[in-house]
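The block underneath contains the structure these notes are about, expressed in structure tokens.
Numbering (the UniProt record's numbering), first residue to last: 1 to 73.
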């Protein structure tokens, strides 16, 4: 009985698929995020010391944010 109850709970937790308006909004935000990532990478390239801690963290954060978007879309 416990297994059946857990299965029912899992089914009720499934997320609904976003409607077309929400999908369009997500796609638009994804494009903006892609452009911001590109802008960040261009700014990072201007730094003389590419091994600078700020540069490394900025590059990693930018890449991670875009990767998370791609994973969740």
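Just so you know, even glycine gets a beta-carbon here, dropped at the ideal spot from N, CA and C.
- When rounded, the separation of the alpha-carbon atoms in residue 69 and residue 19 is 18 Å.
- If you compare the alpha carbons of 59, 33 and 64 with that of residue 41, the shortest gap goes to 59.
- Look at the beta carbons and you see the region 20 to 32 not touching the region 42 to 51: under three pairs across the two are nearer than 8 Å.
- Apart from sequence neighbours up to five positions away, the residues of its chain that approach residue 66 with a beta-carbon distance below 8 Å are 33, 34 and 37, ordered along the chain.
- In the DSSP annotation of this structure, the continuous segment of the alpha helix (DSSP H) that includes residue 43 starts and ends at 20 to 45.
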